[in-house]
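Participant: Each residue of the sequence shown is one higher than the one before, starting from 848 at the first, in our numbering.
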Amino acid sequence: MVYLSAVVVTVLLVVTTVPSVAATIRAASCSRTHVGDAVNLARNGDTVLVPAGRCTWRTNLRIEGKYFTLRGEGFRRTVIIDGISKARYPNVPQLLWWTPPSGGLARLTGFTFQGGTLADSAVKGIVVLDGASHSFRVDNNKFIPTQTPGLRLLGDLWGVVDHNHFDLSARNGYAIYVHHERYGDQSWAAESSLGTERNVFIENNTFTQDRTKGYFYPAIDGWSGHRIVVRYNQFNAVKVGNHGTETSGRWRSARQFEYYNNTWVWDMYSPATPHILRNAYPALITIRGGTGVVFNNSATITNGSVPNIVELRYHRNTGSYHPWGKCPTVWDLNATRCIDQPGVGVGVLLSGASAEPVGWPRHQADPIYIWNNQINTEVVKAISRAPSVVREGRDFLYLSKPGYAPYAYPHPLIQGFSRKTPSVAPSNFSVRVIKR
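1. Below 8 angstroms between beta carbons: does that hold for V1157 and I1217?
2. Tell me whether L1196 is buried or exposed, calling it buried when 16 or more other Cβ atoms sit within 10 Å of its Cβ.
3. Can you tell me which of the three DSSP states G1263 falls into?
4. From the DSSP secondary-structure annotation, give me the bridge partner or partners of G978.
5. By the three-class DSSP mapping on this structure, what secondary structure does H881 have?
6. Expressed to the nearest angstrom, what Euclidean distance is found between the alpha-carbon atoms of P1269 and P1257?
7. Which residue spans inside the stretch 1154-1203 form an unbroken beta strand (DSSP E) run of at least 3?
8. Check whether the Cβ atoms of L1041 and V1025 sit closer than 8 angstroms, and answer yes or no.
9. What does the Cβ neighbour count give for V895, buried or exposed, with the cut at 16 atoms within 10 Å?
10. Please look up how many angstroms separate the CB atoms of A1130 and I1230, rounded, as I've assumed it's under 8 angstroms.
11. Between I931 and T959, is the Cβ-Cβ spacing less than 8 angstroms?
12. Identify the continuous beta strand (DSSP E) that holds D1014 and give its terminal residues.
13. Determine, using beta carbons only, whether K1060 comes closer than 8 angstroms to chain B.
14. Excluding five sequence neighbours on each side, which residues of the same chain lie with their C-beta closer than 6 angstroms to the C-beta of S1277?
15. Taking a contact to mean a Cβ-Cβ separation below 8 angstroms, would you say N1089 touches H1073 in this structure?
16. Spatial neighbours of N1143 within its chain, please: C-beta separation below 6 angstroms, excluding the five flanking residues on both sides.
17. Exposed or buried, H1210, counting other C-beta atoms within 10 Å across all chains shown (16 or more means buried)?
18. Using CA coordinates, which residue listed in F922, E1239 and Y1030 is at the minimum distance from V897?
19. Starting from W1218 and walking both ways along the beta strand (DSSP E), at which residues does that stretch end?
20. Looking at C-alpha atoms only, which residue of H881, S1152 and V1193 is the closest neighbour of P1208?
21. Starting from the C-beta of T863, find all residues in its chain whose C-beta is less than 6 angstroms away, skip the five residues before and the five after it, and write them out in chain order.
22. For the stretch 1079-1157, which segments carrying the beta strand (DSSP E) assignment without a break, of at least 3 residues, lie completely within its bounds, in sequence order?
23. Across which residues does DSSP place V917 in a beta bridge pair?
24. Let me check understanding here. Comparing Cα to Cα, which of L955, G1031, Q941 and G912 lies closest to V970?
25. Identify, in the order they occur along the chain, each residue of the same chain with its Cβ nearer than 8 angstroms to the Cβ of A874, setting aside the five sequence neighbours on each side.
26. What does a CB cutoff of less than 8 angstroms around R935 pick up in its chain, not counting 5 residues either side in sequence?
27. Report the partner residues of V985 according to the DSSP bridge assignment.
28. From what residue to what residue does the alpha helix (DSSP H) around D1068 run?
29. Counting only the same chain and skipping the five closest in sequence on each side, list residues whose C-beta sits under 6 angstroms from that of K989.
30. Excluding the 5 residues flanking P1175 on each side, which residues of the same chain have their C-beta closer than 6 angstroms to its C-beta?
31. Measure the beta-carbon distance from N951 to G892 and round it to whole angstroms, keeping in mind my assumption that it falls under 8 angstroms.
32. Can you look up R801 in the DSSP assignment and give me helix, strand or coil?
Set out below in C-alpha cells:
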C-alpha cells in the first residue's frame, strides 16, 4: 500500500509539471456566428483562426476577460464588413469590443475591417479595445472607416498598434481614437510615463487619404488623459492631434504624447476641391493639452504650403465650455495658467461627475520639448494659437528634453515578448475545429 501511494504521488507530480497546451481553434467561416463560436471555445493563450472570406456582421462580438490571438488569413483575404446599428444605448454599436485582462498577449491580426453605410453621430468605432491590458497588439490589419472611427482604445492600456494600413479616403471617420480611463483624472494625477512601456504605441503604420476625392481627414485623435507614442509612421495627406479640456465637456485633455520619426507626404492640390486654399493647413500636429516631446518628424509638401509641424491651441482663453467655463475660473491659477493646458503636467486627483475637489489642480510645470522637425528639408518651429496662455519659453521649448530617451524600438511585443507569456506548447499541440 505504501508502494502504491508513492506511485500515485509520482504520477501526480508528473501530471502537474506537464506544460499547458495552447490550442488553435479554426472557425468554420468568417461569419459572426462561426467566429463567435470559436472565440467562446478559446482559452487564454490560444489562437483563433478565421478563414478567408468576405462577411458582413450585423451583431456585435464581445470578448471579456480573455487573452489570445484572433487571426485572419491576411487583410487581403479575410474581410469583415461593419453592418452594426449605430443607435445609442442599450444597442452595442461596435463590430468588435474586446476587454482583455491585464496580463497575457491579446492580439488582433490579419483582417480588413471595412466600414459600413450606417451613420454614426457619436464616433463609436468599428473595433474597440478597452480595460487595463498591458500586453495588447493590433497589427497587420487594414481599416477602412466610412461612417465611424476604425479603432478606439479606451482605458489604462499598454501595447502597440503596428504595421496596419488606415484608408481614410471616405473622409468620414478618424483612423484611431485613444482615451485613458473615463474622465482622464487618474492619468492626470499620475507621474509622467514618457520613454517607458506605459503608453499606447502607434508605430510603423500607414495612414492614407486619396486627395483626388476631396479635403483631408485627421488620422489620430483622443483625450481623457491619453498617453500615446506615435513613431515611425507614414502619413499621406492627413493630420494628427488631440483634444483639450473644453469641447469634450467633463472629459479632460490628453495627458502626454511622444511624436517622433514620422514622415508626411502631402500634395495640397485636389481637383475634387479646387476652391480650398492650398495653404489652408497651419500644421500637421495639433496639440490642445498636455505635455511631451515632438522631434525628428519630416514632411514633403507640394502644390501648397504647411508652415508648421506643430500648432499649440487652448480654446478656453476665448470661449466658455461646460463645466470649466472660460479661463480664468476656479479651475485655473490665473488668466495665463489654465487647467490642462499645453505645457503642464501632473496635478492633484479630481474625481466624479462634478470634478471634485473643485479648484486649480496644482499642475506642475512640464513644458513640451520640440526639436529637429523639418518641412521640405527646412527645420521649422511651432506656432502658438493662444500666446497669452501657451507661451514659448515657458510651455514649449526648442530643445531636446533633458534625461529623456525613447522606449525600445521596435516595441518588444512585435518581437514576441509579452508581460505574461503562456507555457510553450509542445509540437503536438491540440486543434479544435468547428464545423457547422
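We put the beta carbon where it would ideally sit given N, CA and C, even for glycine. Note that the structure is a prediction, hence the values are computed from the model and not measured.
Facilitator: Judging by the given coordinates:
1. Taking the C-beta atoms as reference points, I1217 is found nearer than 8 angstroms to V1157.
2. Label assigned to L1196: exposed.
3. Correct three-state label for G1263: coil.
4. Looking at the DSSP assignment, G978 forms a beta bridge with G1002.
5. DSSP places H881 in helix when its eight states are reduced to three.
6. Caution is warranted here: a pLDDT of 41 is assigned to P1269, below 50, making its placement in the model unreliable, and no coordinate value can be reported.
7. Listed in chain order, the complete beta strand (DSSP E) runs (minimum 3 residues) inside the stretch 1154-1203 are 1155-1159.
8. Contact: no.
9. Buried is the call here.
10. Contact between A1130 and I1230 holds, with the beta-carbon distance rounding to 7 angstroms and staying under 8 angstroms.
11. Cβ distance not < 8 angstroms, so I931 and T959 don't count as in contact.
12. Start and end: H1012 to D1014.
13. In the structure shown, chain B cannot be found, because there is only a single protein chain.
14. With a pLDDT of 43 at S1277, under the threshold of 50, the modelled position of this residue cannot be trusted; read the value that follows with caution. In the same chain as S1277, and ignoring 5 residues on each side of it, the C-beta atoms closer than 6 angstroms to its own belong to V868 and A870, in chain order.
15. Yes, they are a contact pair.
16. Excluding positions up to five away in sequence, the list reads Y1107, N1108 and N1219.
17. H1210 comes out buried.
18. Among F922, E1239 and Y1030, the Cα nearest to that of V897 belongs to F922.
19. I1215 to W1218 is the extent of the beta strand (DSSP E) around W1218.
20. When only C-alpha atoms are compared, the closest one is V1193.
21. Bear in mind that the predicted position of T863 carries a pLDDT of just 35, short of 50, making it too unreliable to give a figure here.
22. Complete beta strand (DSSP E) runs here, min 3: 1081-1083, 1103-1107, 1110-1114, 1130-1134, 1138-1142 and 1145-1149.
23. For clarity, residue 917 is Leu in the given sequence; the question names Val instead. V895 and L955.
24. Among L955, G1031, Q941 and G912, the Cα nearest to that of V970 belongs to Q941.
25. Correct list, in chain order: H881, V882, D884, A885, V895, L896, V897, P898 and I1281.
26. Closer than 8 angstroms at Cβ, skipping near neighbours: A969.
27. According to DSSP, V985 bridges with L955 and V1008.
28. Membership of D1068 in any alpha helix (DSSP H) is not indicated; the residue belongs instead to the beta strand (DSSP E) covering I1067 to W1070.
29. Once the five neighbours on either side are set aside, the close Cβ partners of K989 are F922, T959 and H1012.
30. Excluding residues within five positions, the ones whose Cβ falls inside 6 angstroms are N1181 and A1182.
31. Looking at the sequence provided, one finds Gly at residue 951 rather than Asn. Confirmed, Cβ separation roughly 7 angstroms.
32. Not covered by the structure: residue 801. The range shown for the chain is 848 to 1283.
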